[in-house]
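Written out below as C-alpha cells is the structure these notes cover.
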Amino acid sequence: MIDGVIDLDMAGTGGRGFYNIFFRTQANGDGESVYLRPHKTRLDDAQQYSPMFQGTGAWQIYNGPGFTAAVDIPRAQRWRRFHGRPCLECRDTPNASCSVGAS
C-alpha cells in the first residue's frame with residue numbers, strides 16, 4: 001500500500017449533490033472514498049470519509065468526528081481546487097500525517 005496525493009478541480013451549482021473520490025480500490029469492491037456535499041458547505045458533514053466493503057459504502061457507521069468535516073465548497077459555478085493526501089495511520093505510529101483541504 002502506498003500513500004499518495006489526490007488533486008482535483010471541481011465546479012458545481014451548489015445544489016444537492018455528492019461528489020465522490022475513490023482510492024485504494026480493489027477488484028472485490030473494497031476501498032475507500034471521500035465525498036463532498038456542496039449543498040452542506042461549511043456544515044460539519046460537508047465532507048465525509050467512508051470505507052467501502054464489497055462495493056458498498058459504510059458512511060452511516062463511519063460518521064461524526066474523525067470521519068466528517070466542515071469545508072467551504074463554493075455554491076457558485078466557479079472552479080475550486082481540492083487537495084488530499086490519504087495515508088495509513090497506525091495507533092503505534094503517532095507521527096502519521098494526513099490532510100484534506102481546499103484552496
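Here the numbering used here is used: the sequence shown runs in plain steps of one and ends on residue 103. The beta-carbon is built from N, C-alpha and C at its ideal position, and this holds for glycine as well.
Taking a contact to mean a Cβ-Cβ separation below 8 Å, would you say residue i touches residue j in this structure?
i	j	result
G31	F18	no
D9	H83	no
Note down the Cα distance separating residue i from residue j, rounded to an integer number of angstroms.
i	j	result
R81	G66	22 Å
A102	I61	Here the model assigns A102 a pLDDT of 47, short of 50, so the residue's position is not dependable, and the following value carries that caveat. Computed Cα separation, rounded: 25 Å.
A69	R37	11 Å
V5	N20	16 Å
V71	N28	31 Å
W79	Q54	33 Å
Y49	Q77	24 Å
V100	D45	Because the pLDDT of V100 is 49, which lies under 50, any placement of that residue in the model is unreliable, and the question is left without a value.
If contacts are defined as beta-carbon pairs under 8 Å, then residue i and residue j qualify, I think. What distance do you get, rounded to the angstrom?
i	j	result
S33	G12	The Cβ separation is near 17 Å, so there is no contact.
H39	G15	6 Å
I73	T41	4 Å
Sort out for me which residues DSSP pairs residue i with in a bridge.
i	result
T13	Paired residue(s): none; T13 is not in a bridge.
P65	T68
R75	Answer is none; R75 lacks a bridge partner.
At a cut-off of 7 Å, is residue i close to the ligand HEM when judged by its beta-carbon and the heavy atoms of the ligand?
i	result
P74	The ligand HEM is not part of the structure shown, which contains no ligands of any sort.
Every unbroken beta strand (DSSP E) inside the stretch 20-59 [3 residues or more]: 31-36, 47-53
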